[in-house]
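Protein chains in written order, with the numbering used here: chain S, 470 to 816; chain P, 470 to 816.
So, in structure tokens, the structure goes:
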């Protein structure tokens, strides 16, 4: 297949994720309804994919199946995924971006394997030390970007500085902002707080003032407060923060449910307020924020949540489509080159 | 003043916290109503404390004021608090525990200074490498204990192991459990996940199987899920997780408020459901979980939140009273000695 000028070609690793191929294909069907320019290249078991695709009218003439029996399972180590399973659906989907057939790849499979395979196949952008996983999270006033969400457990100051640059450019595209406010996650907002790594990272980011609108530190509650657009942290802390936020939102829902079941009056109130309550939790529903980019790779790779259902997968595909339409990686390369000039001069 | 057999004497650093002396004294008044055995020793500016105490009937004959003009401010570094302000309300209150007049001290002042002064004045329990801040957080099924909440940014495996021991004993007293389930916070529940430090800590904790009911790793959402009772992590991650959870709970409340204001029907529903909604958020209200213990010191020091109001301070005083009645530090010393035997034999 050749790329036409207007068609976005998205490679789907259909065999990853906890809910299997159906949730990814149904997600593609939803995305296809919303975005008429997308063509899907579906990697996986044809005997499963074909009947499922035929069930969705919106997918008619909108997909190509590339058959493979091999898959990367959620328990495979990154090393195993690289050395074995040379024809896994995940690997082939990434290679499709490498050879220039697809503009982006979406997978809800094993995150470690996705990152490792992407690094090996697509390579990193020049001057990137480590790719990061950047995700979208709900805030009081809209959305913000959190990175790294789990790719790098330990991060040096210069890696955090690169995350700030990458996150800022990601936010420009995904949140549509001219000058996203970037903050570093810390245990206090005062200058003296935090580890030496964080202090140095903060100083390096501040030196990139023409590239990053750096506003200083935020604490954990600042992630969802909406006062900043990009929150930079290491992958361990980012992963814990993200999952703590998701867990707490579920906790709120559970407590509210228990309250509404506690009395007749409460049950009546629920009948009236049902819609509002549903609205509330749809604003907190992580499915609507699904789709994290593996930033810093020479190609667009979007990670959909392992537990993604069709709605969540449709959102991840939407993120991939937006990124594919943008020039994110040229923006990133430009910003990174400029930052090297800055920190190069300082040495 | 001499300790009677039944009286609990609690030293209050009345001058700390964002809301000033009034919120601590009002908190003491609420605690005094609930617990008739407490006598307060209030450290701070007598000209402010006395009129305020006289406003509360429940405090009548229940307090002693120890006047001082000096205070530790929220901007003071720990080193400054130790070297200067030799008669600060915080320092004098801690010294009151040291000399055996008070059974416990409560402060809502500068956390770093409180920890540093407590270490200098009270000293650590023998065999403790670093004290931790252990706090109580709401979960789906009740409460759990999170530590460290911010005292130690970097933690070695053996420090995390000691946190597990201390947290387990803290949970026995505060949550009233015989065998609290202890978990280590990580970025995945599989054995292979996490840093080397976390893996080693997990192994060391597992070796203390007669002392700790260790259930393995939990991810961020596990903090509030209620499936474990004690969550062990370093102070950086713990602080971020705690504040992320608080921030997300506020976000839920804000979204719900906006929803209920969005239509006439929703407003009617709110009138019926008002009480249920208030119940929901009181279960998430961090004021009711206020009172974090500085574990590992040879004395009971309870940190009340900097932004604590009277309800929050009353809860912190309640925690201090419970701990003072218990034999927490003998329990801790015993557990730590046993763990040294275990890990000593392995070397």
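A virtual CB, placed ideally from N, CA and C, is assigned to each residue, including glycine.
At 8 angstroms on the CB atoms, spell out the chain S contacts of residue i, in chain order.
| i | result |
| --- | --- |
| residue 708 (chain P) | 656, 688 and 689 |
| residue 729 (chain P) | 742 and 745 |
Compare the Cα-Cα distances from residue i to each of the options and report the closest residue.
| i | options | result |
| --- | --- | --- |
| residue 628 (chain P) | P:704, P:757 and P:740 | P:704 |
| residue 526 (chain P) | P:505, P:543, P:513 and P:583 | P:505 |
| residue 496 (chain P) | P:601, P:773 and P:630 | P:773 |
| residue 535 (chain S) | S:552, S:559 and S:549 | S:559 |
| residue 605 (chain S) | S:511, S:781 and S:793 | S:781 |
| residue 671 (chain S) | S:476, S:685 and S:803 | S:685 |
| residue 721 (chain P) | P:523, P:574, P:750 and P:740 | P:750 |
| residue 508 (chain S) | S:789, S:646, S:741 and S:805 | S:789 |
| residue 482 (chain P) | P:502, P:541, P:476 and P:499 | P:541 |
| residue 488 (chain P) | P:741, P:718, P:576 and P:740 | P:576 |
| residue 556 (chain S) | S:537, S:683 and S:760 | S:537 |
| residue 569 (chain P) | P:677, P:480, P:754 and P:805 | P:480 |
| residue 708 (chain S) | S:756, S:761, S:486 and S:696 | S:761 |
| residue 650 (chain P) | P:657, P:691, P:664 and P:696 | P:696 |
| residue 775 (chain S) | P:657, P:725 and P:702 | P:657 |
| residue 748 (chain S) | P:635, P:745, P:737 and P:732 | P:732 |
| residue 682 (chain P) | P:572, P:543, P:669 and P:701 | P:701 |
| residue 692 (chain P) | P:539, P:521 and P:611 | P:611 |
| residue 477 (chain S) | S:549, S:799 and S:571 | S:571 |
| residue 514 (chain S) | S:500, S:530, S:565 and S:494 | S:494 |
| residue 648 (chain P) | P:811, P:718, P:678 and P:806 | P:678 |
| residue 726 (chain S) | S:740, S:713, S:715 and S:561 | S:740 |
| residue 499 (chain P) | P:673, P:787, P:644 and P:549 | P:787 |
| residue 769 (chain S) | S:799, S:757, S:783 and S:713 | S:799 |
By the criterion of Cβ-Cβ separation under 9 angstroms, what are the contact partners of residue i in chain S?
| i | result |
| --- | --- |
| residue 692 (chain P) | 709, 712, 713, 716 and 717 |
| residue 664 (chain P) | 622, 623 and 705 |
Contact defined as beta carbons within less than 8 angstroms: I believe residue i pairs with residue j. What is the distance between those atoms, to the nearest angstrom?
| i | j | result |
| --- | --- | --- |
| residue 689 (chain P) | residue 710 (chain S) | 7 angstroms |
| residue 609 (chain S) | residue 723 (chain P) | 5 angstroms |
| residue 621 (chain P) | residue 801 (chain P) | Actually they are not in contact, since the Cβ atoms of residue 621 (chain P) and residue 801 (chain P) sit about 17 angstroms apart, beyond 8 angstroms. |
| residue 614 (chain P) | residue 698 (chain P) | 6 angstroms |
| residue 792 (chain S) | residue 600 (chain S) | At roughly 14 angstroms, the Cβ-Cβ gap does not stay under 8 angstroms, so residue 792 (chain S) and residue 600 (chain S) are not in contact. |
| residue 646 (chain S) | residue 640 (chain S) | 6 angstroms |
| residue 766 (chain P) | residue 594 (chain P) | 7 angstroms |
Under 7 angstroms Cβ-Cβ, which residues of chain S neighbour residue i?
| i | result |
| --- | --- |
| residue 609 (chain P) | 720 and 723 |
Residue i bridges to which residues according to DSSP?
| i | result |
| --- | --- |
| residue 509 (chain P) | P:479 and P:532 |
| residue 682 (chain S) | S:650 |
| residue 613 (chain S) | S:606 |
| residue 574 (chain P) | P:480 and P:770 |
| residue 764 (chain S) | S:601 |
| residue 557 (chain P) | P:539 |
| residue 593 (chain S) | S:766 |
| residue 700 (chain S) | S:615 and S:652 |
| residue 687 (chain P) | P:654 |
Using a beta-carbon distance below 8 angstroms, is residue i in contact with chain B?
| i | result |
| --- | --- |
| residue 683 (chain S) | Checking the listed chains, one finds no chain B in this structure; the protein chains it contains are S and P. |
Give, in chain order, every residue of the segment 735-752 of chain P whose Cβ lies closer than 9 angstroms to some Cβ of chain S.
Under the 9 angstroms Cβ criterion, the segment 735-752 of chain P contributes 735, 736, 737, 738, 739, 740, 741, 742, 743, 744, 745, 746, 747, 748, 749, 750 and 752.
Taking any Cβ of chain S, which residues in the segment 712-723 of chain P have a Cβ under 9 angstroms from it, in chain order?
Residues 712, 713, 714, 715, 716, 717, 718, 719, 720, 721, 722 and 723.
Closer than 9 angstroms, Cβ to Cβ, to anything on chain P: give me those residues from the segment 612-625 of chain S, in chain order.
Listed in sequence order: 619, 622 and 623.
Can you give me, in chain order, the residues of the segment 626-654 of chain P that have a beta carbon less than 7 angstroms from any beta carbon in chain S?
Flagged, chain order: 654.
Please name the residues in the segment 561-580 of chain P whose beta-carbon is closer than 7 angstroms to at least one beta-carbon of chain S, in chain order.
Of all residues in the segment 561-580 of chain P, none has a Cβ within less than 7 angstroms of some Cβ in chain S.
If the cut-off is 7 angstroms on Cβ atoms, which residues from the segment 772-786 of chain S count as contacting chain P, listed in chain order?
Per Cβ criterion, the list is empty.
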